[in-house]
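Structure, as structure tokens:
2 protein chains.
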Amino acid sequence: MAIPRAARTQRRTRIQEEKEEIILEAALDVFSVNGFRGSTIDQIAEVAGMSKPNLLYYFRTKEAMHRALIDRVLFTWLEPLRAFDANGDPESEIRSYIRRKLEMARDFPRESRLFANEMLQGAPHVEDELRGPLKSLVDEKAEVIRAWAKAGKIAKCDPYHLIFSIWSTTQHYADFDVQVRAVLGQEHSGEGRFEDAARYLEKLFVDGLGIRHT
Amino acid sequence: MAIPRAARTQRRTRIQEEKEEIILEAALDVFSVNGFRGSTIDQIAEVAGMSKPNLLYYFRTKEAMHRALIDRVLFTWLEPLRAFDANGDPESEIRSYIRRKLEMARDFPRESRLFANEMLQGAPHVEDELRGPLKSLVDEKAEVIRAWAKAGKIAKCDPYHLIFSIWSTTQHYADFDVQVRAVLGQEHSGEGRFEDAARYLEKLFVDGLGIRHT
DNA sequence: TGTAATGTTTACCAATCGGTCAAATTATCT
DNA sequence: AGATAATTTGACCGATTGGTAAACATTACA
Chain A
1 MAIPRAARTQ RRTRIQEEKE EIILEAALDV FSVNGFRGST IDQIAEVAGM
51 SKPNLLYYFR TKEAMHRALI DRVLFTWLEP LRAFDANGDP ESEIRSYIRR
101 KLEMARDFPR ESRLFANEML QGAPHVEDEL RGPLKSLVDE KAEVIRAWAK
151 AGKIAKCDPY HLIFSIWSTT QHYADFDVQV RAVLGQEHSG EGRFEDAARY
201 LEKLFVDGLG IRHT
Chain B
1001 MAIPRAARTQ RRTRIQEEKE EIILEAALDV FSVNGFRGST IDQIAEVAGM
1051 SKPNLLYYFR TKEAMHRALI DRVLFTWLEP LRAFDANGDP ESEIRSYIRR
1101 KLEMARDFPR ESRLFANEML QGAPHVEDEL RGPLKSLVDE KAEVIRAWAK
1151 AGKIAKCDPY HLIFSIWSTT QHYADFDVQV RAVLGQEHSG EGRFEDAARY
1201 LEKLFVDGLG IRHT
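Heads up: the sequence lines are chains A and B, in that order. Residue numbering for the first sequence is 1 to 214, as defined by this note's numbering. Residue numbering for the second sequence is 1001 to 1214, as defined by this note's numbering.
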């Protein structure tokens, strides 16, 4: 008889690791487009190439699948902000933060959309993470930015809204990809749009924050 | 016997106008949070305070409801961009565009989320509008911005990405409202956050675009 | 190799889904 | 008021939903 997943205390099997990986990959495909409510286990099962009960053998409920996915993605997603260095100089830190966020929008659009979907729904599954770890991290980095402003390295500005504006402008290229492509037209919808965006955004923020570059 | 809605050619009844209004209002509540797939007619019926078959008397399918809602909202939503005036001066035009968009994010967050949901899903219901009317409007305004840059009134920049960045930064306060509130904390989550955002964003764009203000 | 644990699937369940139908109710107009 | 058209609803339909039970297949390990 199969042991229910939740009751297992032993180390995970090779098969478990592989299959859970496949399932979460498929779940990311589906959840990132349709949101939690709009996604079905059957859809995920089809993408994963296994039967529905088999999915439910590894994750007992649809919610558990979503939960596991969020947990795994959240850490990676905040990596660029975590790398934001108080000791670096403002210009290069902001430039590289923008660049990193844009790379993530390009390379991990599904992850971006997964969160966007969650936010639109009022973050019913991650509100705690927002108020806890996320807020702490942002508070910490906001303090860095405030110190830069105080030292006259950048113009005085609200550090929280600065962070919001970098998040929104970069994630836009993942979340609103269809719109961006439609507006740019076929000829400018190649991967080059990310370089154009990087160039434009770096200039916007560097100049907008009054960072003097030699 | 009731005449099917689609076959009616006569003018709409008072009751029709009222009820369709109530239904679309409820549909906006539900669709904007759960997206098309994640929303059910029963949910909308409950919010609207009428029976499910009654909703289907006014809109023959769930898709028709969504369609009507999108059509009604799309026009209003593009109003600020339409008001963007080629003859105005760059600084005040950009400032007021940002302000208008922020006001819409504050006053019509559901409309913003409705579109955001649609974009995340790949715009299955509005792709034509994106490639047609929206692209045309943006193309037209991009030309205005390009002319400003050519005349040296603003710094050279990609006008499309400029528009994207204004869209994303402003709509962020509607679409990611939960996140914004969570990060700002209870004390800064009052309506004042929109004024803070306006102040920050106006400065960012005016300085970022190299607009000399006396 | 045998066997116990792990993994997979078919068949199924109750609840919910979008939508229909016909009967009942209400508004409109002469 | 009476007739007619417009509106509303309860009962219902087949399909899909999240999830279960149990039989079957495979793997790991002594």
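We treat Cβ as the ideally placed atom computed from N, Cα and C, and that holds for glycine. These numbers were taken from a predicted model, which means no experiment stands behind them.
- Within chain A, the residues whose beta carbon sits less than 8 Å from that of His1161 (chain B) are Asp196, Ala197, Tyr200, Leu201, listed in sequence order.
- Listed along the chain, the chain A residues whose CB falls inside 7 Å of the CB of Ser1168 (chain B) are Ser168, Thr169, His172.
- Under a 10 Å Cβ-count criterion, Pro1159 (chain B) is classified as buried, with 16 or more other Cβ atoms of the shown protein chains found around its own Cβ.
- Taking 3 residues as the minimum length, the segment 1097-1128 of chain B contains no beta strand (DSSP E) run wholly inside it.
- Using a Cβ-Cβ cut-off of 8 Å, Val1047 (chain B) does not count as an interface residue toward chain A, since no Cβ of chain A sits closer than that to its own.
- For Trp77 (chain A), the closest alpha carbon among the candidates A:Lys150, A:Ala155, A:Ser112 is that of A:Ser112.
- According to the DSSP assignment, Glu1187 (chain B) belongs to no alpha helix (DSSP H), since it is labelled neither H nor E.
- Between Ala1174 (chain B) and Ile1098 (chain B) the beta-carbon gap is near 14 Å, outside 8 Å, which marks them as no contact.
- Residue burial annotation: Pro133 (chain A) is exposed, with fewer than 16 other C-beta atoms found within 10 angstroms of its C-beta.
- If you ignore the 5 residues before and after Arg1067 (chain B), its C-beta comes within less than 8 Å of the C-beta of His1125, all in its own chain and listed in chain order.
- Considering only beta carbons, the part of the segment 97-120 of chain A lying closer than 7 Å to chain B consists of Arg113, Ala116, Asn117, Met119, Leu120, in chain order.
- Of the residues B:Asp1128, B:Gly1152, B:Leu1069, the one whose Cα lies closest to the Cα of Gly185 (chain A) is B:Asp1128.
- Under the 10 Å beta carbon count, Thr1061 (chain B) is surrounded by fewer than 16 other beta carbons and is classified as exposed.
- Nearest CB-CB separation between Ser165 (chain A) and chain B: below the 8 Å threshold.
- For Val1144 (chain B), no Cβ of chain A is located within less than 8 Å of the residue's own Cβ.
- Within the segment 56-88 of chain A, no residue has a Cβ lying closer than 7 Å to any Cβ of chain B.
- Counting along the chain, the unbroken alpha helix (DSSP H) around Leu1069 (chain B) starts and ends at 1062-1077.
- For Arg95 (chain A), the CB contacts under 6 Å within the same chain, skipping 5 residues up- and downstream, are Glu202 in chain order.
- Rounded to the nearest whole angstrom, the CA to CA distance from Phe31 (chain A) to Lys153 (chain A) is 42 Å.
- In the structure shown, the three-state DSSP call for Leu162 (chain A) is helix.
- Taking 8 Å as the CB threshold, Ala1151 (chain B) stays off the interface with chain A.
- Going by DSSP, Arg1037 (chain B) is part of the alpha helix (DSSP H) stretching over 1014-1038.
- Rounded to the nearest whole angstrom, the CA to CA distance from Ile22 (chain A) to Gln16 (chain A) is 10 Å.
- Note that the C-beta distance between Asp1029 (chain B) and Val1047 (chain B) is below 8 Å.
- Interface annotation, Glu127 (chain A): in contact with chain B, CB-CB separation under 8 Å.
- Counting the other Cβ atoms within 10 Å of the Cβ of Pro1053 (chain B) gives fewer than 16, which makes it exposed.
- Ser168 (chain A) counts as buried, since at least 16 other C-beta atoms from the protein chains shown sit within 10 angstroms of its C-beta.
- Gly190 (chain A) and Pro109 (chain A) have their C-alpha atoms roughly 15 Å apart.
- Rounded to whole angstroms, Ala86 (chain A) and Glu93 (chain A) show a C-alpha spacing of 9 Å.
- Nearest to Leu1209 (chain B) by C-alpha distance, out of B:Arg1181, B:Gly1035, B:Trp1148, is B:Trp1148.
- Residues of chain A whose Cβ lies closer than 8 Å to the Cβ of Gly1035 (chain B) are, in chain order, Asn34, Gly35, Arg37, Gly38, Asn117, Leu120.
- For Val178 (chain A), the chain B residues whose Cβ falls inside 8 Å of its Cβ are Met1119, Gly1122, Ala1123, Glu1127, Leu1130, in order along the chain.
- Chain-ordered, the chain A residues with CB closer than 8 Å to the CB of Ala1182 (chain B) read Ala123, Glu127, Leu130, Arg131, Leu134, Lys135.
- Here Asp1085 (chain B) carries a coil assignment [DSSP, helix/strand/coil].
- Tyr57 (chain A) and Ala27 (chain A) have their alpha carbons spaced roughly 15 Å apart.
- Taken atom to atom, the span from the alpha-carbon of Ile1145 (chain B) to that of His161 (chain A) is near 25 Å.
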